[in-house]
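Those protein sequence lines, which keep their order, are chains A and B. For the first sequence, the working numbering assigns the number 12 to the initial residue and increments by one for each residue that follows. For the second sequence, the working numbering assigns the number 12 to the initial residue and increments by one for each residue that follows. What follows is one structure encoded as structure tokens, with my remarks underneath.
There are 2 protein chains.
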Amino acid sequence: MTKNPRGRPRAYDPEKALTRAMETFWAAGFTGTSLDGLAAATGMNRPSLYAAFGDKKAIYLKSLDLYAEHLREAMRGILLSDMPLGEALEAFYRGGIDLYLSGDEGPRGCFISCTAPAEAMVDEDIRAALGATLTEIDRGLERLYAKAKKRGEISEDADEAGLARLAGAVLHSIALRARAGEPRAGLEAIARQAAKTIR
Amino acid sequence: MTKNPRGRPRAYDPEKALTRAMETFWAAGFTGTSLDGLAAATGMNRPSLYAAFGDKKAIYLKSLDLYAEHLREAMRGILLSDMPLGEALEAFYRGGIDLYLSGDEGPRGCFISCTAPAEAMVDEDIRAALGATLTEIDRGLERLYAKAKKRGEISEDADEAGLARLAGAVLHSIALRARAGEPRAGLEAIARQAAKTIR
DNA sequence: GGATTTTTGTACCGAACCGAATAATAATAA
DNA sequence: TTATTATTATTCGGTTCGGTACAAAAATCC
Numbered sequence: 012m013t014k015n016p017r018g019r020p021r022a023y024d025p026e027k028a029l030t031r032a033m034e035t036f037w038a039a040g041f042t043g044t045s046l047d048g049l050a051a052a053t054g055m056n057r058p059s060l061y062a063a064f065g066d067k068k069a070i071y072l073k074s075l076d077l078y079a080e081h082l083r084e085a086m087r088g089i090l091l092s093d094m095p096l097g098e099a100l101e102a103f104y105r106g107g108i109d110l111y112l113s114g115d116e117g118p119r120g121c122f123i124s125c126t127a128p129a130e131a132m133v134d135e136d137i138r139a140a141l142g143a144t145l146t147e148i149d150r151g152l153e154r155l156y157a158k159a160k161k162r163g164e165i166s167e168d169a170d171e172a173g174l175a176r177l178a179g180a181v182l183h184s185i186a187l188r189a190r191a192g193e194p195r196a197g198l199e200a201i202a203r204q205a206a207k208t209i210r
Numbered sequence: 012m013t014k015n016p017r018g019r020p021r022a023y024d025p026e027k028a029l030t031r032a033m034e035t036f037w038a039a040g041f042t043g044t045s046l047d048g049l050a051a052a053t054g055m056n057r058p059s060l061y062a063a064f065g066d067k068k069a070i071y072l073k074s075l076d077l078y079a080e081h082l083r084e085a086m087r088g089i090l091l092s093d094m095p096l097g098e099a100l101e102a103f104y105r106g107g108i109d110l111y112l113s114g115d116e117g118p119r120g121c122f123i124s125c126t127a128p129a130e131a132m133v134d135e136d137i138r139a140a141l142g143a144t145l146t147e148i149d150r151g152l153e154r155l156y157a158k159a160k161k162r163g164e165i166s167e168d169a170d171e172a173g174l175a176r177l178a179g180a181v182l183h184s185i186a187l188r189a190r191a192g193e194p195r196a197g198l199e200a201i202a203r204q205a206a207k208t209i210r
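See the structure below:
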């Protein structure tokens, strides 16, 4: 138990609040989300939001970070599982699909790849955060393909970096299609086809 | 020469104006674009904009339509060219890359897949327009693979619908990566890898 | 040349927006 | 109890937003 700090205690849990903020941005995008909307979603009022996380853009960037951390965790899980390539890819996509179809306001797609692009041309920081996430996905999948090559699951002269970016492309597309309303069966079919074809 | 209409003549070319409006939405997205911005870009004033195209959302939907029409044209060109599958795919991707990297405010990505997703969860019409475009791409590529199968370029029991959606996924990803700032060489490498692998 | 029609340009409206300033509140420290 | 500190709650200011009302302008029709 940590000692209580000096002043009035916080009425919110910063981690939960940021998660709620992320979900709000996820649904409506950066420009489509108002501070009032964030306040309503988090149960905080605007001054508290500002004190806790900074201005609207800072909250959005922190939300992107939180989401990226979840992504990293999922990627770690896949890499540590040591499944054969095909199974690992299908598990990877399945995790994405489950996430993209979650939420009770309809399918959400990927928070980053479905909301950040709209801002990427007018905001350099958001563009950079988007780019960083894309390369993280590529790097993770590259490790997956490198392991598969070591195990002899793909040909010795296969281009693991190229294959990884192809596999990443499929995730991007699944995210987009989910947000456009494509039902789960279609998304799973793409995942299956990708796991079979990209090798 | 068509007869002149009755009242004061228009000071703008509706087609050019819509193109400029589309470019404005392309850069900043739907919510990120103001009517003042559209007026500045088109050279029209807000009342004229409203009279010509309707409210802000109508202008955006018409812009999506205009873009989709360009896409259809490109797809027709590829299908009519009767190139071998690999060449056709590379030409298809090259057209996308050229478009996605055009514009003097930095790389733009795909207008539809980079700006519509942000609105798709809160606006059913935009969601539907996005979905319609995605299926159009799938259908076009499906025809391409069907022709390749008829020519014996891919195996007789290949799943042309599945392959088409994989090939479409690569286009979505190239669009996203372009908007995130990935240089042309990287995009072209993905295109090459896809044309080689997805068959 | 006057009436009519269509578009343009200016100005305005209420609403929503972001951020900050200020006051009230609830805890600890002395 | 009193002072201090950190947070909450209310309010406000200035700006921007989307959309419209209204008058001026520019063409054709009679």
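Each residue gets a CB set at the ideal place from its N, CA and C atoms; glycine is no exception.
(Q) So if DSSP puts Asp-115/A in a beta bridge, which residue, or which two residues, is it bridged to? (A) Assignment of beta-bridge partners to Asp-115/A by DSSP yields Gly-117/A.
(Q) According to DSSP, simplified to helix, strand and coil, what is Tyr-23/B? (A) coil
(Q) Does the segment 164 to 175 of chain B come into contact with the segment 74 to 87 of chain B, if we say contact requires no fewer than three beta-carbon pairs (one atom in each stretch) closer than 8 Å? (A) no
Q.
Any C-beta of chain B within less than 8 Å: which residues of the segment 160 to 176 of chain A qualify?
A. Asp-170, Gly-173, Leu-174 and Arg-176
Q. Taking the C-alpha atoms as reference points, what is the distance between Asp-66/B and Trp-37/A?
A. Rounded to whole angstroms, Asp-66/B to Trp-37/A spans 26 Å at the Cα level.
Q. Alpha carbon to alpha carbon, how far is Ser-92/B from Asp-149/A?
A. 33 Å
Q: Identify the continuous alpha helix (DSSP H) that holds Gly-173/A and give its terminal residues.
A: 171 to 190
Q: Would you decide whether Glu-135/A is buried or exposed? Buried here means 16 or more other CB atoms lie within 10 Å of its CB.
A: exposed
**Q.** Spatially closest choice to Tyr-111/A from Leu-77/A, Arg-190/A and Lys-27/A, by CA coordinates
**A.** Arg-190/A
(Q) In the DSSP assignment, the alpha helix (DSSP H) including Asp-47/B goes from what residue to what residue? (A) 46 to 53
(Q) Considering just the uninterrupted stretch of the alpha helix (DSSP H) at Met-86/B, what are its terminal residues? (A) It spans 67 to 92 - the alpha helix (DSSP H) in which Met-86/B sits, taken as one unbroken run.
**Q.** Rounded separation between Lys-73/A and Pro-58/A - CA only
**A.** 17 Å
Q) Any idea if Pro-118/B is buried or exposed, counting beta-carbon neighbours within 10 angstroms, 16 or more meaning buried? A) buried
**Q.** 8 Å Cβ shell around Glu-26/B - same chain, five flanking residues per side excluded
**A.** none
Q. What residues in its chain sit with their C-beta under 6 Å from that of Arg-210/A, if we drop five residues either side in the sequence?
A. Closer than 6 Å at the Cβ level, and outside the excluded window around Arg-210/A, lie Ile-165.
Q.
Looking at chain A, is there any beta carbon in it that lies within less than 8 Å of the beta carbon of Met-132/B?
A. Answer yes: the Cβ-Cβ gap between Met-132/B and chain A drops below 8 Å somewhere.
**Q.** CB of Ile-108/A within 8 Å of CB of Ala-180/B, strictly
**A.** no
Q: Answer yes if the segment 124 to 140 of chain A comes into contact with the segment 139 to 147 of chain B, meaning at least three C-beta pairs across the two stretches below 8 Å, and no otherwise.
A: The segment 139 to 147 of chain B and the segment 124 to 140 of chain A do not touch, with fewer than 3 CB-CB distances between them shorter than 8 Å.
Q: On a CA-only basis, which of Asp-115/A, Pro-128/A, Arg-17/A and Ala-52/A is nearest Phe-41/A? Give me that one, please.
A: Pro-128/A
**Q.** Endpoints, the alpha helix (DSSP H) within which Phe-41/A is located
**A.** Run containing Phe-41/A: none; DSSP gives neither H nor E here.
Q. Hey, quick one: how far does the alpha helix (DSSP H) through Arg-162/A stretch, first residue to last?
A. Unbroken run through Arg-162/A: none, as it is neither H nor E.
Q. For Ser-124/B, which residues in chain A fall below 7 Å Cβ to Cβ?
A. Leu-187
Q: Going by CA-CA distance only, name the one from Leu-198/A, Leu-187/A and Thr-30/A that's closest to Thr-126/B.
A: Leu-187/A
Q. Looking at the structure shown, is Met-33/B part of a helix, part of a strand, or coil, going by DSSP?
A. Helix at Met-33/B.
Q | Contacting positions in the segment 35 to 46 of chain B - beta carbon closer than 7 Å to chain A | A | Ala-38, Ala-39, Gly-40, Thr-42 and Gly-43
**Q.** Chain-ordered neighbours of Gly-65/A on chain B, where CB pairs are closer than 8 Å
**A.** Simply none; closest approach about 20 Å.
(Q) If contacts are defined as beta-carbon pairs under 8 Å, then Leu-155/A and Leu-198/A qualify, I think. What distance do you get, rounded to the angstrom? (A) Wrong, their Cβ atoms sit about 20 Å apart, outside the cutoff.
**Q.** Spatial neighbours of Met-33/B in its chain, beta-carbon cut-off 7 Å, leaving aside the 5 residues before and after
**A.** Ser-74, Leu-77, Tyr-78 and Phe-122
Q.
Rounding to the nearest angstrom, what Cα-Cα distance links Arg-9/A and Arg-17/A in this structure?
A. As shown, chain A starts at 12 and ends at 210. That puts residue 9/A outside it, with no answer to give.
**Q.** Cβ of Glu-116/A within 8 Å of any chain B Cβ
**A.** yes
Q: Look at the Cβ atom of Thr-53/A, then the Cβ atom of Leu-46/A, and state whether they are nearer than 8 Å.
A: No, the pair does not count as a contact, with Cβ atoms beyond the cut-off.
Q) Interface residues of chain B around Arg-105/A at Cβ under 9 Å? A) Ordered by position in chain B, no residue passes the 9 Å Cβ test against Arg-105/A, which lies about 16 Å from the chain.
(Q) Which residue marks the beginning of the alpha helix (DSSP H) containing Gly-18/B, and which one marks its end? (A) Going by DSSP, Gly-18/B is part of no alpha helix (DSSP H) at all; its letter is neither H nor E.
Q) Would Ala-205/A pass as a contact of Leu-100/A if the rule is Cβ separation under 8 Å? A) yes
Q: Compare the beta carbon distance of Gly-151/B and Met-94/B with 8 Å and say whether it is the shorter of the two.
A: no
Q: Report the three-state DSSP secondary structure of Ile-209/A (helix, strand or coil).
A: coil
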